[in-house]
Amino acid sequence: MAKENNWRRLDNSAKIFPIASSKKYSSVFRLSAVLKEKIAPNILKKAVNLALKNLSSFKVKLKKGFFWYYFEDNNKEVIIEKEKDYPCKYIDPNTNNDYLFKVTYWENKINLDIFHSLTDGNSGIIFLREIVYTYIELAHKEDFNQKLRTERKISNNTEDDYLKNYDKKSKNSKGGKKAYRLKGKILPLAAIGVIHVNIDLDELKNRSKEKNVTITQYLTSVLIHAIYNSNYKKYNGKKPIKICIPVDLKKYFKSETISNFFSYISVQTEENLNLDSFEEILKFVKKEFDRKLTKEEISKTMSTNVKLGNNIFIKSIPLFLKLIIVKLSYIEIRKYTTTTFSNVGRIGIIGEYQKYIDKFMMLIAPESVEKIKCSACSFENKLNFTFTSTLEGTEVEEEFCKKLKEEEINISVEGNGVHDFIS
Amino acid sequence: MEYMTLYPKVRNVKKGNIAIKVMLIISAIVAITCFIVNLCTSTRFWWCLIVLAGIVYIWVAVIYSVHRNINIASSVLVHSIAISLLTLCIDFIIGYSGWAINLSIPIIIAVANITILVLTIVSIHRYYKYAIYQLIIFLLSLIPLIIDLFSNNIITMPIFTIIASSIAVFTFVFSLILCGKSIIEELDRRLHM
Chain F
249 MAKENNWRRL
259 DNSAKIFPIA
269 SSKKYSSVFR
279 LSAVLKEKIA
289 PNILKKAVNL
299 ALKNLSSFKV
309 KLKKGFFWYY
319 FEDNNKEVII
329 EKEKDYPCKY
339 IDPNTNNDYL
349 FKVTYWENKI
359 NLDIFHSLTD
369 GNSGIIFLRE
379 IVYTYIELAH
389 KEDFNQKLRT
399 ERKISNNTED
409 DYLKNYDKKS
419 KNSKGGKKAY
429 RLKGKILPLA
439 AIGVIHVNID
449 LDELKNRSKE
459 KNVTITQYLT
469 SVLIHAIYNS
479 NYKKYNGKKP
489 IKICIPVDLK
499 KYFKSETISN
509 FFSYISVQTE
519 ENLNLDSFEE
529 ILKFVKKEFD
539 RKLTKEEISK
549 TMSTNVKLGN
559 NIFIKSIPLF
569 LKLIIVKLSY
579 IEIRKYTTTT
589 FSNVGRIGII
599 GEYQKYIDKF
609 MMLIAPESVE
619 KIKCSACSFE
629 NKLNFTFTST
639 LEGTEVEEEF
649 CKKLKEEEIN
659 ISVEGNGVHD
669 FIS
Chain H
5 MEYMTLYPKV
15 RNVKKGNIAI
25 KVMLIISAIV
35 AITCFIVNLC
45 TSTRFWWCLI
55 VLAGIVYIWV
65 AVIYSVHRNI
75 NIASSVLVHS
85 IAISLLTLCI
95 DFIIGYSGWA
105 INLSIPIIIA
115 VANITILVLT
125 IVSIHRYYKY
135 AIYQLIIFLL
145 SLIPLIIDLF
155 SNNIITMPIF
165 TIIASSIAVF
175 TFVFSLILCG
185 KSIIEELDRR
195 LHM
């Protein structure tokens, strides 16, 4: 057995998740790949083990230090199970051989639930893609040769690129107002409702181009419009609607890390904005993106967070006190966001493998404050926009779909049936 | 809306261990019954508190054991602390005579340190897993000796404390010689800022 005592520090973003997380706030996101064939669990297990040989940074467990958590090598067997619970649930290391990710399967679908301390969505895709590539190779040995496999170069660099790239002298970014929180009856028994909206990518691109906005800007506008019309108006909302958009920092800084390397921008509606007009929302969202999605502004937000994590006073607080302080303050911090919308973009797949894959999906865990979370990813000519929700009602999702149809964009809807069974 | 079979139908059954629930009820019944019997028979000697302390100890042991993948050295640490506190409680309840601090706690300290020593010897390659717990057990083992040095009244028979502390020092020095590098590495990772 390999020696099991290599360890590494958590990156700057990763530090917060184990401290703030609980069964109610899991900090887990899910990446799923739907293949065109039924998943064979024995092949999947082999594929995961082979993928982990290339991406050993995922083969870790979380350990408690006196001041911070840290990762230590994990040589236990990876557990592969049939999907039986709601997505993005808290990953209990005690029942998962200490692993911080969970691989499950259902019919044609491979799910990879990842605890955010391990990595972000973009690097998570690298892991899922490696599992999928290896699965396809093992399941269709006759179509693949060794060459394809060995040619794939995967970075296993776990460097904390926040520390490498943050600006010590940058001014701290300002915090905004508290945000409008979605209201409505909560689903019973900690259920999570999932609704996937499959959007025709060409039509979405054309419509965005016509409006002179990017796809993310367009979808953010549709989301604000849907929240305003379905929830905000109904409950006479007063606070601004605030959408948190995670940003992949690898687009702005040179980085090969497989660890977390993301920041975020916030799009916050203003009092004078006419939320009844979709065109006005589009213009406003574009202006906000143009203003905030610059290297300078992103660096400012990133540097504020890194400086906080590097503050000698915060560093020297023992972990058991950090757990109490952060758990209390994190509830408050989350009140500054209405919802999160994460678009990881196009998932690139090598040509030979594409014919075996139907689609990819990304899901983020909703929680008591952000009752709905949204995510998107695209593959071939489909963009999969996903709502994960703890709300019983589906008004926001329905309004979102209605708007896309009004805009003459072709969509189809799938889900996990939670809302279906209740209504 | 049209749904495909992308997800299984989740059975909304509230999870919970029935055995734990039954044990909780039994614990409560035993504690209440003992309290009532104690109250009805004699209030001079609150023996029901011994039962209560025992129940608390059992629960500490159960809750700790329910978690899987527990490091055996951490188990030694938790049980040593819990049994020491239990014996102290019993000593106080039955009218303090000092047997807990004079005799039972030194025995517990000696047993805990010897257990860690055995663990070190039989699985020296996994010692890094035990290092931090041995360090904590070692530091806690010195508490009775420190009490004895600074107060003459609390420990009336210091011989057992001296023997236990000597065993603690010996096992720690032995481990230090055997696995000093592991201890330094473990401290580095556990105390990193």
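Line by line, the protein sequences give chains F and H.
Using the working numbering, read the first sequence as starting at 249 and increasing by one per residue.
Using the working numbering, read the second sequence as starting at 5 and increasing by one per residue.
Cβ coordinates follow ideal geometry from the N, Cα and C atoms, glycine included.
*asked:* Run through chain H and tell me which residues come within less than 7 angstroms of Phe349 (chain F), C-beta to C-beta.
replied: Position 101 of the first sequence, counting from 1, holds the residue named residue 349 (chain F). Chain H residues near Phe349 (chain F): none, gap ~17 angstroms exceeds 7 angstroms.
*So the alpha helix (DSSP H) Asp538 (chain F) belongs to, where does it begin and stop?*
By one-based count along the first sequence, residue 538 (chain F) stands at place 290. Counting along the chain, the alpha helix (DSSP H) containing Asp538 (chain F) begins and ends at 526-540.
*Whose Cβ in chain F lies nearer than 8 angstroms to the Cβ of Pro148 (chain H)?*
Residue numbering aside, residue 148 (chain H) sits at position 144 when the second sequence is read from its first letter. Within chain F, no residue comes near Pro148 (chain H); the closest Cβ sits about 24 angstroms away, beyond 8 angstroms.
*Indicate the three-state DSSP secondary structure (helix, strand or coil) for Lys350 (chain F) in the structure shown.*
Here the question's residue 350 (chain F) lines up with position 102 in the first sequence. In this structure, Lys350 (chain F) counts as strand in the three-state DSSP scheme.
*So is Cys44 (chain H) buried or exposed if we call it buried at 16+ other beta carbons inside 10 Å?*
The residue given as residue 44 (chain H) occupies position 40 in the second sequence. Cys44 (chain H) is exposed by the Cβ-count criterion.
*Quick one: give me the first and last residue of the alpha helix (DSSP H) that Asp152 (chain H) is part of.*
By one-based count along the second sequence, residue 152 (chain H) stands at place 148. Element bounds for Asp152 (chain H): 147-154.
*Got a sec: is the Cβ-Cβ distance from Asp333 (chain F) to anything in chain H below 8 angstroms?*
Position 85 of the first sequence, counting from 1, holds the residue named residue 333 (chain F). Closer than 8 angstroms to some Cβ of chain H, the Cβ of Asp333 (chain F) qualifies, so yes.
*asked:* Which complete beta strand (DSSP E) runs does the region 539-570 of chain F hold, if anything under 3 residues is left out?
replied: none
*For Ser101 (chain H) versus Tyr137 (chain H), is the C-beta distance shorter than 8 angstroms?*
Walking along the second sequence from the start, residue 101 (chain H) turns up at place 97. Walking along the second sequence from the start, residue 137 (chain H) turns up at place 133. No, the Cβ-Cβ distance between Ser101 (chain H) and Tyr137 (chain H) is not below 8 angstroms.
*asked:* Which residues in chain H have a C-beta closer than 8 angstroms to the C-beta of Glu628 (chain F)? List them in chain order.
replied: For the purposes of this step, residue 628 (chain F) is taken as the residue at position 380 of the first sequence. None at all; the shortest Cβ gap to chain H is about 18 angstroms.
*Hey, how far is the Cα of Lys481 (chain F) from the Cα of Phe532 (chain F)?*
Residue mapping note: residue 481 (chain F) aligns to position 233 of the first sequence, counting from 1. Residue mapping note: residue 532 (chain F) aligns to position 284 of the first sequence, counting from 1. Going by the C-alpha atoms only, they are around 19 angstroms apart.
*Environment of Asn658 (chain F) [buried if 16+ CB atoms lie within 10 Å]*: If you number the first sequence from 1, residue 658 (chain F) lands on position 410. Under this definition Asn658 (chain F) is an exposed residue.
*Go through its chain and collect everything with a Cβ distance to Phe349 (chain F)'s Cβ below 8 angstroms, but skip five positions before and after it.*
For the purposes of this step, residue 349 (chain F) is taken as the residue at position 101 of the first sequence. Only residues of its own chain outside the window of five on either side were considered, and among them Phe306, Ile339, Leu360, Asp361, Ile362, Phe363, Leu366, Phe375 have a CB closer than 8 angstroms to the CB of Phe349 (chain F), listed in chain order.
*Compute the beta-carbon to beta-carbon distance between Ile141 (chain H) and Ala104 (chain H), rounded to the nearest angstrom, for a pair I have assumed lies under 8 angstroms.*
Stepping through the second sequence from its first residue, residue 141 (chain H) is reached at position 137. Stepping through the second sequence from its first residue, residue 104 (chain H) is reached at position 100. Actually they are not in contact, since the Cβ atoms of Ile141 (chain H) and Ala104 (chain H) sit about 18 angstroms apart, beyond 8 angstroms.
_Through-space distance from Ala387 (chain F) to Ala613 (chain F), alpha-carbon basis_ = For the purposes of this step, residue 613 (chain F) is identified with residue 365 of the first sequence, where counting begins at 1. For the purposes of this step, residue 387 (chain F) is identified with residue 139 of the first sequence, where counting begins at 1. Each residue's Cα considered, the two are about 31 angstroms apart.
*asked:* Looking at chain H, is there any beta carbon in it that lies within less than 8 angstroms of the beta carbon of Tyr318 (chain F)?
replied: For the purposes of this step, residue 318 (chain F) is identified with residue 70 of the first sequence, where counting begins at 1. Interface residue, yes.
*asked:* To the nearest angstrom, how far is the alpha carbon of Val666 (chain F) from that of Val442 (chain F)?
replied: Numbered from its first residue, the first sequence carries residue 666 (chain F) at position 418. Numbered from its first residue, the first sequence carries residue 442 (chain F) at position 194. Val666 (chain F) and Val442 (chain F): Cα-Cα distance of roughly 7 angstroms.
*Go to Gly372 (chain F), then tell me how far its beta strand (DSSP E) extends in each direction, as first and last residue.*
In the first sequence, residue 372 (chain F) corresponds to position 124, counting from 1. In the DSSP assignment, Gly372 (chain F) falls outside any beta strand (DSSP E) and lies within the alpha helix (DSSP H) extending over 369-387.
_Nearest candidate by alpha-carbon position, reference Val282 (chain F), set H:Leu153, H:Val55, H:Thr9, H:Thr47_ = In the first sequence, the residue the question calls residue 282 (chain F) occupies position 34. Checked all of H:Leu153, H:Val55, H:Thr9, H:Thr47; the closest Cα to Val282 (chain F) is H:Thr9.
*According to DSSP, which residues form a beta bridge with Ser637 (chain F)?*
As a position in the first sequence, residue 637 (chain F) is number 389, starting the count at 1. F:Gly441, F:Ile620, per the DSSP bridge assignment.
*Do the region 501-508 of chain F and the region 406-420 of chain F make contact, defined as three or more Cβ pairs closer than 8 angstroms?*
yes
*Distance, Cα to Cα, Leu153 (chain H) vs Ile328 (chain F)?*
By one-based count along the second sequence, residue 153 (chain H) stands at place 149. By one-based count along the first sequence, residue 328 (chain F) stands at place 80. So the two alpha carbons sit approximately 57 angstroms from each other.
*Classify Met610 (chain F) as helix, strand or coil using the three-state DSSP reduction.*
For the purposes of this step, residue 610 (chain F) is identified with residue 362 of the first sequence, where counting begins at 1. When secondary structure is reduced to three states using DSSP, Met610 (chain F) falls in the strand class.
*asked:* Let me see if you follow: with CB-CB separation under 8 angstroms, is Arg257 (chain F) close to chain H or not?
replied: Start at 1 with the first residue of the first sequence, and residue 257 (chain F) comes out as number 9. Cβ-Cβ to chain H under 8 angstroms: yes for Arg257 (chain F).
*Spell out a yes or no on whether the region 555-563 of chain F and the region 484-501 of chain F are touching, meaning 3 or more CB-CB pairs, one atom from each, closer than 8 angstroms.*
no
*If you run the structure through DSSP and keep just helix, strand and coil, what is Leu435 (chain F)?*
The count along the first sequence starts at 1 and reaches residue 435 (chain F) at position 187. Looking at Leu435 (chain F) - three-state DSSP - the assignment turns out to be coil, as it is neither helix nor strand.
*asked:* Distance cutoff 8 angstroms, beta carbons only. Does Phe64 (chain H) sit that close to anything in chain F?
replied: For this step, residue 64 (chain H) is matched to residue 60 along the second sequence. For the sequence presented, residue 64 (chain H) should be read as Val rather than Phe. By this cut-off, Val64 (chain H) is not an interface position.
_Please report the straight-line C-alpha distance between Ile620 (chain F) and Trp63 (chain H), rounded to a whole angstrom._
Numbered from its first residue, the first sequence carries residue 620 (chain F) at position 372. Numbered from its first residue, the second sequence carries residue 63 (chain H) at position 59. Straight-line measurement puts the Cα of Trp63 (chain H) at about 39 angstroms from the Cα of Ile620 (chain F).
*asked:* Using a Cβ-Cβ distance cut-off of 8 angstroms, determine whether Pro12 (chain H) contacts chain F.
replied: Mapped onto the second sequence, residue 12 (chain H) falls at position 8. Closer than 8 angstroms to some Cβ of chain F, the Cβ of Pro12 (chain H) qualifies, so yes.
*Could you tell me the boundaries of the beta strand (DSSP E) in which Tyr334 (chain F) lies?*
Here the question's residue 334 (chain F) lines up with position 86 in the first sequence. Premise fails: Tyr334 (chain F) is in no beta strand (DSSP E) and is neither H nor E.
*So Ser456 (chain F) packs on Ile529 (chain F), CB below 8 angstroms; how close in whole Å?*
On the first sequence, residue 456 (chain F) is found 208 positions in, with the first residue counted as 1. On the first sequence, residue 529 (chain F) is found 281 positions in, with the first residue counted as 1. Actually they do not touch by this definition, with Cβ atoms about 14 angstroms apart.
*chain F residues whose Cβ lies nearer than 7 angstroms to that of Arg193 (chain H)*: In the second sequence, the residue the question calls residue 193 (chain H) occupies position 189. What Arg193 (chain H) touches in chain F: Trp255, Gly313, Tyr318.
*Roughly how far, in whole angstroms, is the beta-carbon of Val617 (chain F) from the beta-carbon of Arg582 (chain F), given that I think they are within contact range, below 8 angstroms?*
The count along the first sequence starts at 1 and reaches residue 617 (chain F) at position 369. The count along the first sequence starts at 1 and reaches residue 582 (chain F) at position 334. Going by Cβ atoms, the distance from Val617 (chain F) to Arg582 (chain F) rounds to 4 angstroms, so yes, they are a contact pair.
*Given that a residue counts as buried once 16 or more other Cβ atoms are within 10 Å of its Cβ, and exposed if not, what is Leu28 (chain H)?*
For the purposes of this step, residue 28 (chain H) is identified with residue 24 of the second sequence, where counting begins at 1. Residue environment for Leu28 (chain H): exposed (fewer than 16 other C-beta atoms within 10 angstroms of its C-beta).
_Partner residues on chain H for Glu329 (chain F), Cβ-Cβ distance less than 8 angstroms_ = What you label residue 329 (chain F) is simply residue 81 of the first sequence in a count that begins at 1. By Cβ distance, chain H contributes nothing, its closest Cβ being about 11 angstroms from Glu329 (chain F), past 8 angstroms.
*Decide if the region 51-70 of chain H is in contact with the region 30-40 of chain H; the criterion is three or more beta carbon pairs, one per stretch, under 8 angstroms apart.*
Yes, since at least three Cβ pairs between the region 51-70 of chain H and the region 30-40 of chain H fall closer than 8 angstroms, the two stretches touch.
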